[in-house]
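Read through the structure below, which is laid out as structure tokens, and then see the notes.
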Amino acid sequence: MTDDPPLNPALLPSGFVDVLPPAAEAEAIGLEALMRVFSTHGYDRVSPPLLEFEETLLTGSGAAVAEQTFRLMDPDTRRMMALRPDMTPQIARIAATRLAHEERPLRLSYAGACVMMGSPARETDRQILQAGIELIGPDTPVADAEIVALGAEALQVLGVPHVSFDLTMPPLTTTLLATESFGPAARSALLRALDRKDAAAVARHGGALAPVLTELLHAAGPAHRALDVLARVDLPPAARAQSDRLAATVAAIENRVPGVRLTVDPVEFRGWQYHTGVCVSVYALGRQEELGRGGRYRSNDDEPACGLTLRPDVILRVAPPRARRMRVFVPWGMDPRVAQALRAQGYATVAALGDIADPAAEAYRLGCAFVAVGGKLEPVQVTDQPG
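Just so we're aligned: 377 in the working numbering is position 289 of the sequence shown, and the numbers increase by one with no gaps anywhere.
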């Protein structure tokens, strides 16, 4: 027994929400619009489970999301299970196991809900919706560009204005830091300074790398300006190869998507734990939330891969609202073929469940714009509503 008061039946755990009409329908329509774009480019849809064994979900690229993962014990097998916080590791697993013998390049798409632990700063989105693509096999700038191009097309289909793709090369920072001997405290302080874009702290903690890191820090912005800075600075061979790959990817994207808005941050590395090459974050001008992110990584069998995961729930807050399907009230006794024809024309029909004395008033009450009368549509015009 407990003395706690009974829970309000509408109360949900922090970070979980009911999506109600008409938002739920808009979300479903928007999600399918994204998936149609992916499908038309040859990306085959897969649907991994929400729950997996912890030991398989959190291996390989999945290890990077372990801290964000809800866990529970399977009462049958007594093995630990995990709810996916991100679908990309699952696609990597499928590619390396169930689809290991499929021809490459392997193009896969996916959509579904994910659940993450959250934090005080992220309690509003512990359950999120993802839709994305993974291109597995090739390791080329052209492959990187295809991922960005499909993201741009999908967002254009949904009418999202002023989209920006922000590119970075996370291994560039770690490659540069590996050229100097930093103690644990100094390295931690330098990484924190880079993370916060604190040029003064970078100068204090960067040692011999401070001039290069400071210059790269200030280079963040429009792609070609940042690439010009990268081309001028003195980089070790490994870092120069990464810089050249970033430049080649920018060129490939611009060739595939003329006029695309691209920015580059040469030393951005936050949140790219398992990525091994060019990465991208997607924004809409004037909005703080990411519309999506992705990049290059290694699949579970160490196969090259790149992908992009979009957030349909966030995207639909930025995209222009879609008009709701017009509703037509169908009075009792009307030929079912009339309603069928209306649905074929794009209307939603709301059928009477019995004889109604005033169909127009009932249509108004149920949110219908029209009443079907004799095979024609009459606008609902009710002026004397009670209350």
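We put the beta carbon where it would ideally sit given N, CA and C, even for glycine.
#1: Look at Leu430 and Ala460 and say whether their C-beta atoms are less than 8 Å apart.
#2: Are Phe327 and Val352 closer than 8 Å when you measure CB to CB?
#3: Starting from Ser197, follow its DSSP beta bridges and name the residues at the other end.
#4: Is the beta carbon of Arg186 sitting closer than 8 Å to the one on Leu223?
#5: Buried or exposed: which applies to Val514, given that a residue is buried once 16 or more other Cβ atoms fall within 10 Å of its Cβ?
#6: Are Thr159 and Met169 touching if we call contact CB-CB under 8 Å?
#7: For the structure I just gave you, are there three or more beta carbon pairs, one from the region 142-158 and one from the region 361-369, closer than 8 Å?
#8: Rounding to the nearest angstrom, what Cα-Cα distance links Leu318 and Pro101 in this structure?
#9: Go ahead and pull the three-state DSSP assignment for Ala460.
#10: Over the uninterrupted alpha helix (DSSP H) stretch that includes His189, give me the two end residues.
#11: So, are the CB atoms of Leu199 and Leu95 less than 8 Å apart?
#12: Could you please give me the residues that DSSP links to Asp254 through a beta bridge?
#13: Where does Gln469 fall in DSSP's three states?
#14: For Phe270, which of helix, strand or coil comes out of DSSP?
#15: Within this structure, are the beta carbons of Ala219 and Pro419 separated by less than 8 Å?
#16: Under 8 Å, do Val493 and Ala240 count as touching if we go by C-beta distance?
#17: Quick one: is Asp164 buried, meaning 16 or more other Cβ sit within 10 Å of its Cβ, or exposed?
#18: Give me the DSSP bridge partner(s) of Arg399.
#19: With a 10 Å radius around its C-beta and 16 neighbouring C-beta atoms as the bar for buried, classify Asp232 as buried or exposed.
#20: Compute the distance between the beta-carbons of Val468 and Val438, then report whether it is under 8 Å.
#21: Is it right to say Val125 is buried, meaning 16 or more other beta carbons lie within 10 angstroms of its own, or is it exposed?
#22: So, is Gly395 buried or exposed, given that buried needs 16 or more other C-beta atoms within 10 angstroms?
#23: Give me the Cα-Cα distance between Ala457 and Glu356, rounded to the nearest whole angstrom.
#24: Quick check: what's the CA-CA separation for Asp174 versus Thr157?
#25: Is DSSP giving Ala407 helix, strand or coil here?
#26: Anyone know if the C-beta pair for Leu334 and Leu255 falls short of 8 Å?
#27: Mapping DSSP to helix, strand and coil, what is Gln215?
#28: Provide the residue(s) that pair with Gly383 in DSSP beta bridges, ordered along the chain.
#29: So, helix, strand or coil for Thr128, using DSSP?
#30: Which stretch, first to last residue, makes up the beta strand (DSSP E) that contains Val416?
#31: Work out the CA separation of Ala307 and Gly294 for me, nearest whole Å.
According to the structure data:
#1: As a position in the sequence shown, residue 430 is number 342, starting the count at 1. As a position in the sequence shown, residue 460 is number 372, starting the count at 1. Yes, the Cβ-Cβ distance between Leu430 and Ala460 is below 8 Å.
#2: Sequence index remark: in the sequence shown, residue 327 carries index 239 (1-based). Sequence index remark: in the sequence shown, residue 352 carries index 264 (1-based). First, the residue type needs correcting, since residue 327 is Ala and not Phe in the sequence shown. No, they are not a contact pair.
#3: Translated into positions along the sequence shown, residue 197 becomes position 109. Looking at the DSSP assignment, Ser197 forms a beta bridge with Arg133, Ile221.
#4: Translated into positions along the sequence shown, residue 186 becomes position 98. Translated into positions along the sequence shown, residue 223 becomes position 135. It is not a contact, given that the beta carbons lie outside the stated cut-off.
#5: The chain is shown from 89 up to 475; residue 514 falls before or after that span and cannot be answered.
#6: Position 71 of the sequence shown, counted from the first residue, corresponds to residue 159. Position 81 of the sequence shown, counted from the first residue, corresponds to residue 169. Note that residue 159 corresponds to Arg in the displayed sequence, not to Thr. Yes, Cβ-Cβ distance for Arg159 and Met169 is below 8 Å.
#7: Counting Cβ pairs under 8 Å, three or more are found: they touch.
#8: As a position in the sequence shown, residue 318 is number 230, starting the count at 1. As a position in the sequence shown, residue 101 is number 13, starting the count at 1. So the two alpha carbons sit approximately 47 Å from each other.
#9: On the sequence shown, position 372 is the one that residue 460 refers to. Note: Ala460 maps to strand in three-state DSSP.
#10: Taking the sequence shown and counting its residues from 1, the one referred to as residue 189 is at position 101. Here His189 belongs to no alpha helix (DSSP H), and DSSP marks it neither H nor E.
#11: Counting from one through the sequence shown, the residue named residue 199 turns up at place 111. Counting from one through the sequence shown, the residue named residue 95 turns up at place 7. First, the residue type needs correcting, since residue 199 is Ala and not Leu in the sequence shown. No, Cβ-Cβ distance for Ala199 and Leu95 is not below 8 Å.
#12: Looking up residue 254 in the sequence shown gives position 166. According to DSSP, which records beta bridges pairwise, Asp254 is partnered with Thr351, Ser369.
#13: As a first step, residue 469 is located in the sequence shown; it is residue number 381 there, counting from the start. Correct three-state label for Gln469: coil.
#14: Position 182 of the sequence shown holds residue 270. Note: Phe270 maps to coil in three-state DSSP.
#15: Position 131 of the sequence shown, counting from 1, holds the residue named residue 219. Position 331 of the sequence shown, counting from 1, holds the residue named residue 419. Not in contact: Ala219 and Pro419 (Cβ atoms no closer than 8 Å).
#16: Nothing about residue 493 can be reported from this structure: the residues present for the chain run from 89 to 475 only.
#17: Taking the sequence shown and counting its residues from 1, the one referred to as residue 164 is at position 76. Classification of Asp164: exposed, given that the 10 Å Cβ count is below 16.
#18: Taking the first residue of the sequence shown as position 1, residue 399 is located at position 311. None; Arg399 has no bridge partner.
#19: Residue mapping note: residue 232 aligns to position 144 of the sequence shown, counting from 1. Buried: at least 16 other Cβ atoms inside 10 Å.
#20: Along the sequence shown, read from residue 1 onward, the residue named residue 468 stands at position 380. Along the sequence shown, read from residue 1 onward, the residue named residue 438 stands at position 350. Going by C-beta atoms, Val468 is not nearer than 8 Å to Val438.
#21: Position 37 of the sequence shown holds residue 125. Counting of Cβ neighbours within 10 angstroms places Val125 among the buried residues, the total reaching 16 or more.
#22: Here residue 395 corresponds to residue number 307 of the sequence shown, with the count starting at 1. The C-beta of Gly395 has 16 or more other C-beta atoms within 10 Å across all chains shown, which makes the residue buried.
#23: The residue given as residue 457 occupies position 369 in the sequence shown. The residue given as residue 356 occupies position 268 in the sequence shown. If you draw a straight line from the Cα of Ala457 to the Cα of Glu356, it comes to about 52 Å.
#24: Start at 1 with the first residue of the sequence shown, and residue 174 comes out as number 86. Start at 1 with the first residue of the sequence shown, and residue 157 comes out as number 69. Distance between the alpha carbons of Asp174 and Thr157 is about 9 Å.
#25: Residue mapping note: residue 407 aligns to position 319 of the sequence shown, counting from 1. DSSP places Ala407 in coil when its eight states are reduced to three.
#26: Sequence index remark: in the sequence shown, residue 334 carries index 246 (1-based). Sequence index remark: in the sequence shown, residue 255 carries index 167 (1-based). Yes, these two residues count as a Cβ contact at 8 Å.
#27: Taking the sequence shown and counting its residues from 1, one reaches residue 215 at position 127. Looking at Gln215 - three-state DSSP - the assignment turns out to be strand.
#28: On the sequence shown, residue 383 is found 295 positions in, with the first residue counted as 1. DSSP, once it has assigned bridges, lists Cys367, Gly395 as partnering Gly383.
#29: For the purposes of this step, residue 128 is identified with residue 40 of the sequence shown, where counting begins at 1. Looking at Thr128 - three-state DSSP - the assignment turns out to be helix.
#30: Stepping through the sequence shown from its first residue, residue 416 is reached at position 328. Note, Val416: beta strand (DSSP E), 415-418.
#31: Residue 294 sits at position 206 when you count from the first residue of the sequence shown. Residue 307 sits at position 219 when you count from the first residue of the sequence shown. Straight-line measurement puts the Cα of Ala307 at about 17 Å from the Cα of Gly294.
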